[in-house]
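Undergrad:
Number of protein chains: 2
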Amino acid sequence: MITRLSNYFLKTLREDPAEAEAEVASHKLLVRAGYIRRQSPGVFAWLPLGLRVKGKLEQIVREEMAAAGAHEVHFPAMLPREMYEATGRWEEYGDALFRLQDRHGADHLLAPTHEEPFTLMVKDLVSSYKDLPLTLFQIQDKYRDEARPRAGLLRGREFTMKDAYSFDVTDEGLAESYQKQRDAYERIFTRLGLEYAIVSADAGAMGGSRSEEFLLPTEIGEDTFVRSAGGYAANVEAYVTPVPESLPIEGLPAPVVYDSPDTPTIDTLVAHTNAVLKREDGRAWTAADTLKHVVLAVTHVAGELAGEREIVVVGLPGDRDVDMKRAEVVFAGCDIEPATAADLAKHPGLLRGYIGAARVAADGSTTAVLGTESETGVRYLLDPRIVPGTSWVTGANVDEQHVAYLVAGRDFTADGIADLSDVRAGDPAPDGSGPIETARGMEIGHVFQLGRKYAEALGLKVLDQNGKLVTVTMGSYGIGVTRIMAVLAELNRDDRGLIWPRQVAPFDVHLVATGRDAGIFETAEELAGTLEAAGLDVLFDDRPKVSPGVKFGDAELIGVPRVVVVGRDAADGIAEVWDRATGEKSKVAIAEIAALLSK
Amino acid sequence: MITRLSNYFLKTLREDPAEAEAEVASHKLLVRAGYIRRQSPGVFAWLPLGLRVKGKLEQIVREEMAAAGAHEVHFPAMLPREMYEATGRWEEYGDALFRLQDRHGADHLLAPTHEEPFTLMVKDLVSSYKDLPLTLFQIQDKYRDEARPRAGLLRGREFTMKDAYSFDVTDEGLAESYQKQRDAYERIFTRLGLEYAIVSADAGAMGGSRSEEFLLPTEIGEDTFVRSAGGYAANVEAYVTPVPESLPIEGLPAPVVYDSPDTPTIDTLVAHTNAVLKREDGRAWTAADTLKHVVLAVTHVAGELAGEREIVVVGLPGDRDVDMKRAEVVFAGCDIEPATAADLAKHPGLLRGYIGAARVAADGSTTAVLGTESETGVRYLLDPRIVPGTSWVTGANVDEQHVAYLVAGRDFTADGIADLSDVRAGDPAPDGSGPIETARGMEIGHVFQLGRKYAEALGLKVLDQNGKLVTVTMGSYGIGVTRIMAVLAELNRDDRGLIWPRQVAPFDVHLVATGRDAGIFETAEELAGTLEAAGLDVLFDDRPKVSPGVKFGDAELIGVPRVVVVGRDAADGIAEVWDRATGEKSKVAIAEIAALLSK
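Sequences listed follow chains W and L, in order. For the first sequence, our numbering begins at 240 and goes up steadily by one. For the second sequence, our numbering begins at 240 and goes up steadily by one.
In structure tokens:
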């Protein structure tokens, strides 16, 4: 095919767009080069060039889905409320879900993902184990009402996704279906030349289910992940703090209460404690010796407890902070925020600034203050590092007093563990593969063993080999097609424009005719025909009255990887072939160009 | 490509679906044969077979759009309110528009058509006449909140449409761009084997604009259109009643008022009048001699008058009725309904059952009762047939009295014309090409010269050849892709299933292996390979344990036009080739089948 710029809907722009999304360099280039146009925050229209790249990406995804044995279907974007209510997601999605009513007052949503309708379709059409395993996929436009849509296609409110869902009778079957999609994702990213890390995205708390993210290591990524030299890799939310061994309690010093006025921070507390209390083993007190208490308000989003607001105290070493994303995993299904003054007012037992696990009597005996069995009745969770036999400096539950040598397992216990402290470089990998380092990444794929949650909620059962009805187990697998296009643009560019990898470039060759000599245009026209005959998709800049400088600038901005310039040397049968990526320019006999570029 | 039924997501159903859409035979077949599944009223999911047919249809449309010089783009379904407010469509669309708010309270809609964002995109990117003419199109999922979505894909709430928009500087340019799309539509329908009538869809009241519908003549169509043997064809809404010549008033009889109790209908009035009043020319009074008055309540939907409810009296011959669809054209931009008792109570001058144009005094002199200049002040519009010199039986504005010989132009005049009576077979074509007949049709395409309405509302101007800013003139052109698929299914079926035309059939050949003999399956397998090598797309029913009857039933239901059955005769190198449309079955040497089917 030959596409002539003299008759193509393409307007390159000199100025960067003013929209908020322009914070990302590739977005500016995609807009300036005429690939996309913004319609509203996080919502874009596709121009002819953009449609071409997107189409090529979709084709690669389709090929690998076919190779993985998945069947293509297509669901509507607008779906009725009921199916999402049955799984709890109508509420759980909160503000991120676009909801609407039809003229009869029936509720609908614009689907953020399609687990529910896929489950119901399989329930409708499949009744026996003989029809499984089955993996279905679609390439479809999805909706999420992001609070701050940013970075253009990287995080839009409307975006194209390939989502696949697998259906199996057995856990082993699910593991196989999962592996097939996982392998397909590896092939897709390899074909696109995308570096990726596969990281655990789930702590395994959901009963043996498994979830992994494909992260592209990049500074503009929104996710932080951790990895060890020994091969461990996980999303920060999925990092599991190794639990140290318990220590002997016998022989540990008894609690010592001391005055601690004017110690509003851990730093001031440590300095003050060092000043007034010499540590038994002679070394100085540090922040890691203190037990900090954070009061959280936890509100259930859905289910029977929906709307209920619970106050929870979390204890963690003073040198750590709560990581709210990790906290969201601990309190899945709930909204979390720091307790407000109003919350604390309802719990006079929680003495702001001096909250501690226990009250110490004059004789050194202790009474629990935190925990559902204690005097406050407030649920009390501890960082996994606070094992029995560890000794802490913490609040004494008396104004302007702290206590040292308060020993876990002797002076206090908790209602459970909350693994929500921040994760740091140097922390141990949970699999013993050494210390971890942290890195930024952008999620470009996600594979998830859902297990039976959706099938149970929606009643998807089939007859097994023994004629018994069993609940199906499912996986879900997503790739953001438009996000990947943005990632490719971000990774493949320079200050002059985009540099597409060949596999997704809008054209194979960008042919430029320069000058005013009719002979040059005739030669270029002939060459265009030869390239087309060689099976190449040609973008032909045949604009008669546009200067060479503008043509070259457009070619660099648009970013087709191979540019052929037919100019003054055409009379001698010579044209210039540019490699957009390396900037290399070489003079080539026109008669040889088709063969050179078809390689 | 070979697609094996042993490993394909296809479940045919024996039972008709229960959904309301199943009123249409083709919808039942599309569901039973595994092409689509209903998600909510008028909203469907696409199964692999359905996606194949839809994809082929889209490809045909794309090819013809390319041939017409149109460029493909793609807009989001969700668009911000503001642009549709600027053109008045945010309100005008009424309940048919899906509206929603995002988390920040900003209003959005799910677009029913995309005139606004296309206009704005061209405004953004085009500034000179040199870039015009330009025609852009997309194939995209649209939304309309139909009150009663029915007939499956024929009238859905989510549906796929090809919509194109042309941009020109001059009216002549628009006419050319319009013609190119119109020609492309003719080519598309011809390729699909669809019969069509091109009918005028607009009375021309909007200032020279032109609009035509492509209607498929069919009894299940929702539109009524009229046509003459002489070539006239129009939508009923677009039919313009020819205005008869005025008649001489001189010498016409003076008004005669007479008692008319118990005449609630035109029929009783005519019978009564014939009984009490002999007509001057000797013939009997008929319904066509009476002037009937209909009181309408007209409410402006948008603009400065939004919400204002006006009472309008329309006079039309007693043998005609108001056609509400034609009335909607007359009162474009307004909601119309029959006036209520409450409306009439506010206008005591309108005497229910005896409303007339004038009051007749004892001396025969008349006073206007209807019209903005009359004693009621109510706007009064007349059917175009009621020209000066026509004489009428009508209400006398006195309880239980009518008047005969009330003459238009002598005894009453109106504020204007309202061409909203029903159109009937035998009425004259407005172009003088003879009497019309009426027919039912289904709209399968619509081409529309929008003119400058949208460009003006959204400020789309370009510099013309003289460097002057001029407003662009536009056209819009739509084809319902999913509706056409339903139309094709409806037209091509029998009681056993679908019969797809080759151009859009999901596969080229449906190859069935029957029996339990492994040799048969091997032969079929080989044949599948040969057919694939010949470039044919093969659906291969290789299911090992399914009876021939079920396989044949599925083949007929699915409707691939050519079926090849490899069975007992395979040992002799013979298979059976079925023509699904004619039912013809012929024995063919297996070695010759590929050549036969590739023809």
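In this text, a Cβ means the ideal position worked out from N, Cα and C, and glycines have one as well.
#1: Report yes if the C-beta distance between residue 299 of chain W and residue 421 of chain W is below 8 Å; otherwise report no.
#2: Quick one, are the C-beta atoms of residue 278 of chain W and residue 315 of chain L less than 8 Å apart?
#3: What did DSSP end up calling residue 716 of chain W once you bin it into helix, strand or coil?
#4: Where does the unbroken beta strand (DSSP E) through residue 685 of chain W begin, and where does it stop?
#5: Roughly how far, in whole angstroms, is the beta-carbon of residue 356 of chain L from the beta-carbon of residue 400 of chain L, given that I think they are within contact range, below 8 Å?
#6: Between residue 312 of chain W and chain L, is any beta-carbon pair separated by less than 8 Å?
#7: What are the start and end residues of the beta strand (DSSP E) that includes residue 630 of chain L?
#8: Out of W:789, W:791, W:834, W:503, which one is the CA nearest neighbour of residue 770 of chain W?
#9: Could you work out which residues of chain L lie near residue 278 of chain W, taking near to mean beta carbons separated by less than 8 Å?
#10: Give the DSSP bridge partners of residue 813 of chain L, in chain order.
#11: Could you tell me whether the segment 655-673 of chain L touches the segment 405-412 of chain L, using the rule of 3 or more Cβ pairs below 8 Å?
#12: Between residue 382 of chain L and residue 396 of chain L, how many whole angstroms is the CB-CB distance? I'm expecting something under 8 Å.
#13: Between residue 839 of chain L and chain W, is the shortest Cβ-Cβ distance under 8 Å, so that the two count as touching?
#14: Between the beta-carbon of residue 750 of chain L and the beta-carbon of residue 740 of chain L, is there less than 8 Å?
#15: Could you check the C-alpha separation between residue 443 of chain W and residue 348 of chain W for me, to the nearest Å?
#16: Would residue 400 of chain W count as contacting chain L if we go by Cβ distances under 8 Å?
#17: What does residue 301 of chain W touch in chain L if you count any residue whose Cβ is under 9 Å from its own?
#18: So, is the C-beta of residue 669 of chain L closer than 8 Å to a C-beta in chain C?
#19: Nearest CA to the CA of residue 773 of chain W: which residue from W:804, W:836, W:587?
#20: Does the beta carbon of residue 292 of chain L sit closer than 8 Å to a beta carbon anywhere in chain W?
#21: Assess, as a yes-or-no matter, whether the segment 644-654 of chain L is touched by the segment 578-594 of chain L under the definition of 3 or more beta carbon pairs within less than 8 Å.
#22: Applying a beta-carbon distance threshold of less than 9 Å, which residues of chain L neighbour residue 397 of chain W?
#23: Tell me which residues of the segment 249-277 of chain W have at least one Cβ-Cβ distance to chain L shorter than 7 Å, keeping chain order.
#24: Answer yes or no: do residue 688 of chain L and residue 449 of chain L have a C-beta to C-beta separation smaller than 8 Å?
#25: For residue 563 of chain W, count the other beta carbons within 10 Å of its own beta carbon; 16 or more makes it buried, fewer makes it exposed. Which is it?
#26: Expressed to the nearest angstrom, what Euclidean distance is found between the alpha-carbon atoms of residue 254 of chain L and residue 702 of chain W?
#27: Our contact map puts residue 252 of chain L next to residue 276 of chain L with C-beta atoms below 8 Å; I'd like the distance itself, whole angstroms only.
#28: Could you check how far apart the C-beta atoms of residue 722 of chain W and residue 393 of chain W are, in whole angstroms? I think they sit under 8 Å.
#29: Contact criterion: CB-CB distance below 8 Å. Does residue 693 of chain W meet it with respect to chain L?
#30: Take residue 331 of chain W and list the residues in its own chain whose beta-carbon comes closer than 6 Å to its own, dropping the five residues that flank it on each side.
#31: Does residue 266 of chain L pass the burial test, meaning 16 or more other C-beta atoms within 10 Å, or should it be called exposed?
#32: Consider the Cβ of residue 282 of chain W: report whether some Cβ of chain L lies at a distance smaller than 8 Å.
#33: Within this structure, are the beta carbons of residue 258 of chain L and residue 389 of chain L separated by less than 8 Å?
#34: Kindly list, in the order they appear in chain W, the residues whose Cβ is closer than 7 Å to that of residue 342 of chain L.
#35: Looking at the secondary structure, which residues open and close the alpha helix (DSSP H) in which residue 790 of chain L lies?
#36: If we cut at 8 Å on Cβ distances, does residue 796 of chain W have a partner in chain L?
TA: Quick look at the numbers:
#1: The answer is no: Cβ separation not under 8 Å.
#2: In contact: residue 278 of chain W and residue 315 of chain L (Cβ atoms closer than 8 Å).
#3: Secondary structure of residue 716 of chain W (DSSP, three-state): strand.
#4: 675-690
#5: Rounded, the Cβ-Cβ distance is 14 Å, inconsistent with contact.
#6: Cβ-Cβ to chain L under 8 Å: yes for residue 312 of chain W.
#7: 630-637
#8: W:834
#9: 314, 315, 318, 319, 356
#10: L:828
#11: no
#12: 6 Å
#13: Past the edges of chain L, shown from 240 to 838, lies residue 839 of chain L, and the structure says nothing about it.
#14: no
#15: Unreliable positioning characterises residue 443 of chain W in this predicted model, as indicated by a pLDDT of 43, which lies under 50. A coordinate reading is not provided.
#16: no
#17: Residues of chain L passing the Cβ test: none, with the nearest at roughly 11 Å.
#18: Of the chains in the structure shown, none is chain C; the protein chains are W and L.
#19: The residue with the shortest Cα to Cα distance from residue 773 of chain W is W:836.
#20: no
#21: Verdict: no, contact absent.
#22: 315, 316, 317
#23: 250, 276
#24: yes
#25: exposed
#26: 21 Å
#27: So it is not a contact: roughly 10 Å between Cβ atoms.
#28: 6 Å
#29: no
#30: The answer, listed in chain order, is 540, 541.
#31: Label assigned to residue 266 of chain L: buried.
#32: yes
#33: No.
#34: 334, 384, 386
#35: 787-797
#36: No, residue 796 of chain W does not count as interfacial toward chain L.
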